[in-house]
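Residues 814 to 1061 in this note's numbering are what the sequence shown lists, from first letter to last.
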Amino acid sequence: MPRSTFGEFFQATGVELTLVTADTTAARMLLLNHRTAPDLPVVWAARMSMSVPLLWQEVEWQEEWGFYHAWDPSTGDLRPLDVTGHTIVDGGLLSNFPIALFLADRPDVAAVVGPACTRNVLGLLIDETLKVPNRPTKPATSRFSIGGLRTLERLHRLLTTATAAHDNMAISAFARHVVRLPAGGYSTIQFDMDDDERRPLLDAGAAAMRAFLGQQTVLEGMPSGDESTVGTAERALANNAALTLLGR
814 MPRSTFGEFF
824 QATGVELTLV
834 TADTTAARML
844 LLNHRTAPDL
854 PVVWAARMSM
864 SVPLLWQEVE
874 WQEEWGFYHA
884 WDPSTGDLRP
894 LDVTGHTIVD
904 GGLLSNFPIA
914 LFLADRPDVA
924 AVVGPACTRN
934 VLGLLIDETL
944 KVPNRPTKPA
954 TSRFSIGGLR
964 TLERLHRLLT
974 TATAAHDNMA
984 ISAFARHVVR
994 LPAGGYSTIQ
1004 FDMDDDERRP
1014 LLDAGAAAMR
1024 AFLGQQTVLE
1034 GMPSGDESTV
1044 GTAERALANN
1054 AALTLLGR
């Protein structure tokens, strides 16, 4: 199904898939799935969600992709919005780690992204503060000029700082659901890694996942009560955080 829409993808698989993007025309977050954008091809939603500002060209919403359906508090339901011609970029512009949307049980959140997850919720965080063992010491290369690369990295840090306060709160509040994958020393826009650079990064991620799972009971099939469940306090925090996200 290479050109499946969200509606077709859900009908064929039953899989809940939501991709987070940002509408720079309307200055709001878009949560793309079969509820909010049933006629949008999944491949284009993926392209939107990776459109890092100033690095990749933004995507313009096409008329044939239909309406985007947003929550309307006045009616208590989803309302179709015509976003044809709006420019859409990576949702990290507004939030890099919206894990609260999976944990919140507010009716407005459920209407947009589906029922809250009760157990076995994992967030994978690419953590640039954690060192990668055995990382090669050779300088990273890039198809960008050194000056251009430094400018892009500075702009990326500014964008990250703009969302850091909210995301850090979520990461701290839901720490037992978060796997930190080491990425220290690697660049966000380091697209031309060779095998010597790539292997330590993958090995560090695999080791982090093994260590996390070795301390948690999060695997499907665990006896009822043994799995990693969402507590009352976590749910309340998630509801507050999700309300902030929906308003972005």
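For each residue, glycine too, the CB sits at the ideal point set by N, CA and C.
- Listed in chain order, the beta strand (DSSP E) runs fully inside the stretch 836–890 are 841–845, 881–885, counting runs of at least 3 residues.
- The way I'd put it, the stretch 857–876 does touch the stretch 829–838; three or more beta-carbon pairs between them come closer than 8 angstroms.
- With at least 16 other beta carbons inside 10 angstroms of its own, ASN846 counts as buried.
- The C-beta distance from LEU916 to ALA1051 rounds to 4 angstroms, short enough to fall under 8 angstroms.
- Going by beta carbons, VAL855 and PHE819 fall inside the 9 angstroms limit.
- Taking the CA atoms as reference points, SER817 sits about 14 angstroms from GLY879.
- Nearest in C-alpha terms to GLU821, of all of GLN870, ASP852, ALA840, ARG841, is ASP852.
- Between ILE984 and ILE901, the gap from beta carbon to beta carbon reaches 9 angstroms or more.
- Note on geometry: alpha-carbon atoms of ALA1024 and ARG993 lie some 10 angstroms from one another.
- By the C-beta density criterion, GLU877 is exposed, having fewer than 16 other C-beta atoms within 10 angstroms.
- In this structure, the CA atom of ASN909 is about 18 angstroms from the CA atom of GLN1003.
- By the criterion of a C-beta distance shorter than 6 angstroms, GLY997 is surrounded in its chain by GLU941, LEU943, LYS944, VAL945, once the five residues flanking it on both sides are discounted.
- Check the Cα spacing between ASP895 and each of TYR881, ASP903, PRO886, PRO995: the tightest is with TYR881.
- Distance from the Cα of LEU906 is smallest, within the candidate group ARG1012, GLU871, LEU914, VAL991, for GLU871.
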